[in-house]
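Here is the structure we will look at, set down as structure tokens.
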Amino acid sequence: MTDNTTYDAIVIGSGITGGWAAKELTEKGLKTLVLEAGRPIVPEEDYVEHVPPWEMKFRGTRDRRRQMEDQPIQSTCYACDEWSAKFFVSDREHPYTTEPGKPFRWIRGRQVGGRSIVWGRQVYRWSDLDFEANLREGIAVDWPIRYADLAPWYDYVEDFIGITGEALGLPHLPDSKFLPPMEMNCAELVVRDAIAKHFGPERTMTIGRAAILTRDHRGRSACHYCGPCERGCITRSYFSSVNATLPAAEKTGRMTLRPYSVVHSLAFNSRTRRATSVRVIDGKSRAALEFHARAIFLCASTLESVRILLNSSTPEFPNGLANSSGELGHNLMDHVKTGGASATIPGNEERIIIGRRPNGIYVPRFRNLKTRQAGFLRGYGFEGGGQRDGWERGISQTGFGAEFKKSISQPGPWRFRFGGYGECLPNHGNYVELDQEKVDAWGIPVLKIHCAWSENELAMRKDMSISAAEMLAAAGARDIEPFADNEPPGFAIHEMGTARMGREPKTSVLNSFNQTHDVKNLFITDGGAMTSSSCVNPSLTYMALTARACDYAVQQLKKGEL
Ligand SMILES: Cc1cc2nc3c(=O)[nH]c(=O)nc-3n(C[C@H](O)[C@H](O)[C@H](O)COP(=O)(O)OP(=O)(O)OC[C@H]3O[C@@H](n4cnc5c(N)ncnc54)[C@H](O)[C@@H]3O)c2cc1C
Ligand code: SF4
1247 MTDNTTYDAI VIGSGITGGW AAKELTEKGL KTLVLEAGRP IVPEEDYVEH
1297 VPPWEMKFRG TRDRRRQMED QPIQSTCYAC DEWSAKFFVS DREHPYTTEP
1347 GKPFRWIRGR QVGGRSIVWG RQVYRWSDLD FEANLREGIA VDWPIRYADL
1397 APWYDYVEDF IGITGEALGL PHLPDSKFLP PMEMNCAELV VRDAIAKHFG
1447 PERTMTIGRA AILTRDHRGR SACHYCGPCE RGCITRSYFS SVNATLPAAE
1497 KTGRMTLRPY SVVHSLAFNS RTRRATSVRV IDGKSRAALE FHARAIFLCA
1547 STLESVRILL NSSTPEFPNG LANSSGELGH NLMDHVKTGG ASATIPGNEE
1597 RIIIGRRPNG IYVPRFRNLK TRQAGFLRGY GFEGGGQRDG WERGISQTGF
1647 GAEFKKSISQ PGPWRFRFGG YGECLPNHGN YVELDQEKVD AWGIPVLKIH
1697 CAWSENELAM RKDMSISAAE MLAAAGARDI EPFADNEPPG FAIHEMGTAR
1747 MGREPKTSVL NSFNQTHDVK NLFITDGGAM TSSSCVNPSL TYMALTARAC
1797 DYAVQQLKKG EL
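If you count by the working numbering, then the sequence shown holds residues 1247 to 1808, one letter each, in order.
If you want it as structure tokens, here you go:
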């Protein structure tokens, strides 16, 4: 079936980047179709952040047998619990393959809002330390933009989404436009002050920067600290597409949002050298559909967007649409994590935590800033925080009888944990391709992912455990347990880089405005665009790049250039 409407724009995906593209394009006057593979979300029915464990069938411990059968990969993510499993894909319906001995964890959400419903909401700006790193070190290709190009778009995005945080004035972690910061608890204050005393000004600990409202903002309410944000937020206090950008697009009257629209591929006209239509499989009826537009925005997430292009080869582009460079699908990056330390912070036994602050602390990068660190390039930051052990420690603590029961009914000691997030170097050898022997539940060829950490990331992870333990020791912590666990790429859920930006069409897929070098009316604004990975959470940068790309595309459309 063909829809005869020609839309001004089609946006593929309605997650963090698709929501932004929908908002920007419609607000700038474009009649826009949003094609979303997953189901619609109705907050009043789907959000479950206030449902207590005793109302859940498995009391919050989840149906482990079903999850092992249906979500063996997704359920390795902390957020995929009995409440939120419905916001993650079925691994059976959405398979992918890897090379033996090279696992990759691909965590996905397929519904209106994508992973914006379950994300951790940590948001940090990049700086020129990041944008200039490839050029400085002669690695991969240079970014075609610098911080000054993106700074106004960070401002623009932050003004809309609302970010809580503390201004620090650090050149390598520029401040956002902040709402009031959340407060640190007493254990965190002990560690913060010890770091300032022993490592300042080299190391700093601040409260996390998060896309959560600490006061009412643009029609959304301040957070009431209920805690489990990955289950939804009926007060719309954290940013998600469903809570913020899609309603803004809807308000324009120019958005058509079509759930259950699984994009198979794009059609290309070799005469006009433009992408002309989007081929869709209806998620419920399995009917083949086709939709036309003057401009197409791929926002299906880093790997899904590439998969669509690899499935769209033509005689001119036998290795995937817009892939004259041969870089499409290559340079896959994630952040290296699972290095850090945890410990007990003595004292403050008379104090308890009130409320469930949905945010932790952050230690900005301190390696390879002014002095060269032996063993690895670039750096890492720490997330984490302090909390008081609760009665749940009775699950792991051994004991029995009245004394045991009495001891676990009292709050336990204050504990603190640092977990690193480190930059991953771009590497042509980390790539995805189509696996022609396997298809998903809609008959679409799946990805084969080839990805492994390099020595640089492994050295960084080891250093995380040492520097975290050092800081805890400086804070007088007891029982310090450093860790450097061997988790595969994908675990940070920050996959990026498979359609990188660059100055040269020969070595990159996108130009500085996220427009493919080869097909002028085709834009990719998800994490595929990233030329390097920084060490900070990436989604704020995806949002800023998307808003900037939309602005450019609308100008080009008006000039008749697309
Ligand atoms: C538990 C968790 C915690 C996270 N924490 C953070 C954090 O603190 N900070 C941070 O910066 N990032 C975080 N992330 C990562 C963040 O969620 C992603 O970077 C972000 O969602 C990417 O946005 P996106 O629009 O590219 O993709 P998504 O948000 O995943 O949206 C993609 C959309 O495209 C749709 N789609 C896919 N394929 C097709 C197709 N063929 N046809 C039609 N539609 C399609 C999907 O259904 C989905 O709705 C976290 C992720 C998870 C899972
Ligand atoms: S803790 Fe705040 S942001 Fe999270 S779900 Fe509750 S109200 Fe929403």
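Where is the CB? At the ideal position from N, CA and C, for every residue including glycine.
(request) Report the three-state DSSP secondary structure of I1458 (helix, strand or coil). (result) The three-state secondary structure of I1458, taken from DSSP, is strand.
(request) Would you list the residues sitting across from V1692 in a DSSP beta bridge? (result) Paired residues: D1681.
(request) Starting from A1790, follow the alpha helix (DSSP H) in both directions and report where the run begins and ends. (result) A1790 -> alpha helix (DSSP H) spans S1785 to K1804.
(message) Could you tell me which whole alpha helix (DSSP H) segments of length 4 or greater appear in the region 1407-1459?
(response) Entirely contained in the region 1407-1459, the alpha helix (DSSP H) runs reaching 4 residues are, in chain order, 1432-1445.
(message) Quick check on DSSP: helix, strand or coil for N1250?
(response) Three-state DSSP puts N1250 in a strand.
(request) Determine the DSSP secondary structure at L1567, reduced to helix, strand or coil. (result) Here DSSP, grouped into helix, strand and coil, assigns L1567 to coil.
(request) Would you mind giving the Cβ-Cβ distance between A1433 and A1720, rounded to the nearest angstrom? I have them listed as a contact below 8 angstroms. (result) In fact, because the Cβ distance is near 14 angstroms, the residues do not count as touching under 8 angstroms.
(request) Let me know the secondary structure DSSP gives L1671 once reduced to three states. (result) If DSSP states are grouped into helix, strand and coil, L1671 belongs with coil.
(request) Indicate the three-state DSSP secondary structure (helix, strand or coil) for R1382 in the structure shown. (result) It is helical.
(request) Compute every distance between the C-beta of H1463 and the non-hydrogen atoms of ligand 2, then say whether any falls below 8 angstroms. (result) Short note on H1463: C-beta not closer than 8 angstroms to any heavy atom of ligand 2.
(request) On the DSSP bridge assignment, give the partners of Q1761 in chain order. (result) DSSP lists F1769 as partners of Q1761.
(request) Please report how far the alpha carbon of A1715 lies from the alpha carbon of V1685, in whole angstroms. (result) One alpha carbon belongs to A1715, the other to V1685, and they sit about 46 angstroms apart.
(request) Could you tell me which residues DSSP puts in a beta bridge with W1660? (result) W1660 is bridged by DSSP to I1591 and R1634.
(request) Tell me whether the beta-carbon of I1353 lies closer than 9 angstroms to the beta-carbon of T1410. (result) Contact flag unset, no.
(message) I need the boundaries of the alpha helix (DSSP H) containing V1552, first residue and last residue.
(response) It spans T1548 to L1556 - the alpha helix (DSSP H) in which V1552 sits, taken as one unbroken run.
(message) Whole angstroms are fine: how far does the CA of L1549 sit from the CA of F1264?
(response) The question names Phe, yet the displayed sequence has Gly at residue 1264. Taking the straight line from one Cα to the other gives about 14 angstroms.
(message) Using only Cβ atoms and a threshold of 6 angstroms, which residues come within that distance of a heavy atom of ligand 2? Order them by chain position.
(response) Counting only beta-carbon distances shorter than 6 angstroms to the non-hydrogen atoms of ligand 2, the qualifying residues in chain order are E1295, I1458, C1469, H1470, Y1471, C1472, G1473, C1475, C1479, T1481, S1483, Y1484 and P1604.
(request) Would you tell me roughly how many angstroms separate the C-alpha atoms of W1637 and Q1656, rounded to the nearest one? (result) Near 7 angstroms, if we compare the C-alpha coordinates of Q1656 and W1637.
(request) Would you list the residues sitting across from G1666 in a DSSP beta bridge? (result) Partner(s): F1628.
(request) Could you tell me the distance, in whole angstroms, from the CA atom of R1597 to the CA atom of S1653? (result) Taking the straight line joining both Cα atoms gives about 17 angstroms.
(message) Once the 5 residues before and after R1305 are set aside, which same chain residues still bring their CB inside 7 angstroms of it?
(response) The beta carbon of R1305 is closer than 7 angstroms to those of P1299 in its chain, skipping five residues each way along the sequence.
(request) Taking K1694 and T1344 to be in contact with their CB atoms under 8 angstroms, please state how far apart those CB atoms are, rounded to whole angstroms. (result) Between T1344 and K1694 the Cβ distance is about 7 angstroms, and since that is below 8 angstroms, they are a contact.
(request) Let me know the secondary structure DSSP gives S1515 once reduced to three states. (result) Note that residue 1515 is Asn in the sequence shown here, rather than Ser. Looking at N1515 - three-state DSSP - the assignment turns out to be strand.
(message) Just to check my reading of the structure: L1503 and S1711 have Cβ atoms closer than 8 angstroms, yes? What is that Cβ distance to the nearest angstrom?
(response) Rounded, the Cβ-Cβ distance is 45 angstroms, inconsistent with contact.
(message) Tell me whether the region 1421-1431 and the region 1573-1593 touch, counting them as touching only if at least three CB pairs, one residue from each stretch, are closer than 8 angstroms.
(response) Taking 8 angstroms as the limit for Cβ pairs, the verdict is that the region 1573-1593 does not touch the region 1421-1431.
(message) Considering only their Cβ atoms, is the gap separating F1662 from G1627 smaller than 9 angstroms?
(response) Taking 9 angstroms as the Cβ cut-off, G1627 and F1662 do not qualify as a contacting pair.
(request) Under 8 angstroms by Cβ, that's how I've got D1249 and F1543 pegged, so tell me the actual separation to the nearest angstrom. (result) About 17 angstroms; that fails the 8 angstroms criterion.
(message) With a threshold of 8 angstroms on Cβ separation, who are the neighbours of E1733 within its own chain once the five nearest residues in sequence on each side are excluded?
(response) In its chain, beyond the 5 residues on either side, R1351, K1583 and T1584 have a beta carbon closer than 8 angstroms to the beta carbon of E1733.
(message) If distances are taken between C-alpha atoms only, which option among L1555, D1580 and L1578 comes closest to S1570?
(response) Among L1555, D1580 and L1578, the Cα nearest to that of S1570 is on L1555.
(message) Quick check: is any heavy atom of ligand 1 less than 8 angstroms from the C-beta of E1733?
(response) Checking the Cβ of E1733 against ligand 1 gives no.
(message) Going by DSSP in three states, S1523 sits in which element: helix, strand or coil?
(response) Reduced to three states, the DSSP call for S1523 is strand.
(request) Return the residue from the list M1717, A1738, F1759 and L1615 that minimises the CA-CA distance to Y1667. (result) The residue with the shortest Cα to Cα distance from Y1667 is A1738.
(message) Taking 9 angstroms as the threshold (C-beta atoms), are L1756 and M1747 in contact?
(response) For M1747 and L1756, yes; Cβs fall inside 9 angstroms.
(request) On a CA-only basis, which of P1318, N1702 and M1430 is nearest P1341? Give me that one, please. (result) Answer by Cα proximity: P1318.
(message) Helix, strand or coil, according to DSSP, for R1371 in the structure here?
(response) Coil.
(message) According to DSSP, simplified to helix, strand and coil, what is A1720?
(response) Taken through DSSP and simplified to helix, strand or coil, A1720 comes out as helix.
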